[in-house]
Each structure stands twice: as C-alpha cells, then as structure tokens.
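Asks:
Residue numbers (the UniProt record's numbering): 1 to 283.
1) To the nearest angstrom, how far is the alpha carbon of residue 280 from that of residue 127?
2) Check the DSSP bridge columns for residue 223 and list the partner residues they point to.
3) Report yes if the CB atom of residue 198 is closer than 8 Å to the CB atom of residue 218, and no otherwise.
4) Please return the same chain residues whose Cβ sits closer than 6 Å to the Cβ of residue 268, not counting the five positions on each side in sequence.
5) Only counting runs of 4 or more residues, tell me where the alpha helix (DSSP H) segments fall wholly within the stretch 118-172, in order along the chain.
6) Within the same chain, show all residues whose beta-carbon is closer than 8 Å to that of residue 63, passing over the 5 residues directly before and after it, in chain order.
7) So, is residue 130 buried or exposed, given that buried needs 16 or more other C-beta atoms within 10 angstroms?
8) Quick check: the stretch 204-221 against the stretch 151-164, are there 3 or more CB pairs under 8 Å?
9) Determine, using beta carbons only, whether residue 108 and residue 208 come nearer to each other than 8 Å.
10) What does DSSP give as the partner residues of residue 281 in its beta bridges?
11) DSSP state of residue 199, grouped into three classes?
12) Is it buried or exposed for residue 142, if we count other Cβ within 10 angstroms and need 16 for buried?
13) Please list the terminal residues of the continuous alpha helix (DSSP H) segment that includes residue 91.
14) Go ahead and label residue 75 buried or exposed: buried means 16 or more other beta carbons lie within 10 angstroms of its beta carbon, across all protein chains shown.
15) Spell out the partners DSSP gives residue 13 in its beta bridges.
16) Please classify residue 265: is it buried, with 16 or more other beta-carbons within 10 angstroms of its beta-carbon, or exposed?
17) Residue 191 and residue 163 look like a contact to me (Cβ under 8 Å); what is the Cβ gap, rounded to whole Å?
18) Quick one: any contact between the stretch 111-122 and the stretch 134-154, if contact means 3 or more CB pairs under 8 Å?
19) Tell me the rounded alpha-carbon separation between residue 92 and residue 144.
20) Could you check where the beta strand (DSSP E) with residue 251 kicks off and where it finishes?
21) Identify whether residue 53 lies in helix, strand or coil by the three-state DSSP scheme.
22) Quick one, are the C-beta atoms of residue 236 and residue 243 less than 8 Å apart?
23) Consult DSSP for residue 272 and reduce its assignment to one of helix, strand or coil.
24) Using the beta-carbon count (16 or more within 10 Å), is residue 18 buried or exposed?
25) Is residue 7 helix, strand or coil when you go by DSSP?
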C-alpha cells in the first residue's frame, strides 16, 4: 500500500532554541520512522547550528545554507523556528513549495500577511497554518464563513518560565507569586509582545478572518501553579448571544514554550498537505 502512495517531499526549517529544537526533532524523527508509510519523505533539515543535527540526521539531509533550499525540490516546507524566518523567507518558500507556518504570529504583520497570501495565489501554492493547541478551530472557521461569528477571546495561562516575551515584562517573577495577567488586548498587539507563545491565538485569528488579528481578543497569564501543563481557554460568541467557553490543558514541562499537543498537531497538519493551491488553509 505504501508503494502506491504519491510521495510528498518535505523540508524542515528548524532553529537552535530549545523548544523549537524539540519540535524539529519530533517532526524529523517521525518523518524518518513513519514517513514512507504515509507518503512523506524528508529531503532536507536546516538548523542555525548544524552541529545539533548530526546525531539524528544523515549528512546528505543537512541543509547548510537556507537559501539553497531551492536545490532540494521540496513539495512542502515546514517552518519550526521563529517569525523572522517567515518574514525573511516565506515568500521565497511559496515560490517553490507549499509552506506550513509553525510561527503564524508572524502573520499579525498586515503587510507580511498580504505578501504571503499574494505569493500563495500567484504560484498556486498553499500557506498552511497548523491549529496547534487551538481546539475547535474548524468550528470557528465555519462560524466565520457563515457570518455568525461575533467575537472571539482566548486566554493562555502558563508557568512564568514558559514565556518568551520581548522586553522585561516578566523578569521579576518569583516562585510563590501565583497568578499575574501579563497582557490583555487584541491579538494584533499581543503577537509582537510574545511571538513564540501565542501561535495558538494567531491560528484563531486566521480562522476568524472577519475579525482578524485586530478583532480577536487575547490574554496571557503567568501562573506559578502550572508546572505540568498550559491552559488554553477559548470563548466564542455567535449570533443571538450564543456563547461557548472551553478550557483545555496542554501537557508541558517547566520552561517549555510549546506543549506536547502542539507537536502532534504539526504531524497531523503534514498529513493534509496535499494541495488546496492558492489559498490559506487552517489544518
């Protein structure tokens, strides 16, 4: 059966930071172990520090210079690193392959968002946005497309060691301080403050296209009691006052920006990268 599957060639763009390293390793290991069974094959892995790759990736799969990705013939490029890579290379990636954006907080930049959408349409590619820790993303999308979505609020609570914020917003936390609201406002304002922490909110803003990044509201909370998981709360308001509030836990170690459920979502997203050309696709 595996021999009959069309093979999709995958390139993974990673980074040297600890959480991105875990995410890259998770994807690369699954691609090498299970890829052939589902029609996926790994054609390159890039990491800022190539020394981190050599124990787990064959030398011929290591991409030393990211601009050389064009030589590897990838059908899908997966970014698991930082919004800056999306900004610097996203349009180039879409000129050659479908692009799965692991840092959708980058799309909070209206100009970049438009450039990536235009590139996807021009080249007949798909800009994939994984749902990550967002449960109910497809339901939000359906409400949005039907014109019934009126408001969307997301709160993400984590141990303070799990946040990577710009500036010194959380530099003074102590082990016994409990709960502290770090930011509350639009996701458009929040993404630059916590670009590595709010990709779930960014995915929600993509799903809620009529509200957009400026219309979706978000809140990040530091809580020293959350040593084993992150908490994601989503409140959706529809027509006629219809409201749904969900609370989910995403298992995560101390210091982990990303929970384990998010890693699994990346793999699931890869399995649907079969086309949808010329559009943005929440997966």
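Backbone N, C-alpha and C define an ideal beta-carbon position, used for all residues, glycine too.
Replies: Based on what the coordinates show:
1) Rounded to the nearest angstrom, the two C-alpha atoms are 5 Å apart.
2) The partner list for residue 223 (beta bridge, DSSP) reads 179.
3) Yes, the Cβ-Cβ distance between residue 198 and residue 218 is below 8 Å.
4) Cβ within range, chain order: n/a, list empty.
5) With a minimum length of 4 residues, the continuous alpha helix (DSSP H) runs that stay inside the stretch 118-172 are 137-146.
6) A distance below 8 Å between beta-carbons, with the five flanking residues on each side excluded, links residue 63 to the following residues of its chain, in chain order: 11, 44, 45, 46, 69, 72.
7) Flag for residue 130 reads buried.
8) With the cut-off at 8 Å, the stretch 204-221 and the stretch 151-164 touch.
9) Contact flag unset, no.
10) According to DSSP, which records beta bridges pairwise, residue 281 is partnered with 128.
11) Here residue 199 sits in helix by DSSP.
12) The residue in question, residue 142, is exposed, as its Cβ has fewer than 16 Cβ neighbours within 10 Å.
13) Taken as a continuous stretch (DSSP letters only), the alpha helix (DSSP H) holding residue 91 covers 83-96.
14) It counts as buried.
15) Partner(s): 46, 79.
16) Classification of residue 265: buried, given that the 10 Å Cβ count is 16 or more.
17) Their Cβ separation, rounded to whole angstroms, is 14 Å, which puts residue 191 and residue 163 out of contact at 8 Å.
18) No, the stretch 111-122 is not in contact with the stretch 134-154.
19) One C-alpha to the other measures close to 30 Å.
20) It spans 243-251 - the beta strand (DSSP E) in which residue 251 sits, taken as one unbroken run.
21) Coil at residue 53, not helix or strand.
22) Cβ distance < 8 Å, so residue 236 and residue 243 count as in contact.
23) Of the three classes helix, strand and coil, the one that applies to residue 272 here is coil, per DSSP.
24) With a pLDDT of 43 at residue 18, under the threshold of 50, the predicted position of this residue should be treated as unreliable, and no value is reported.
25) Three-state result, residue 7: coil.
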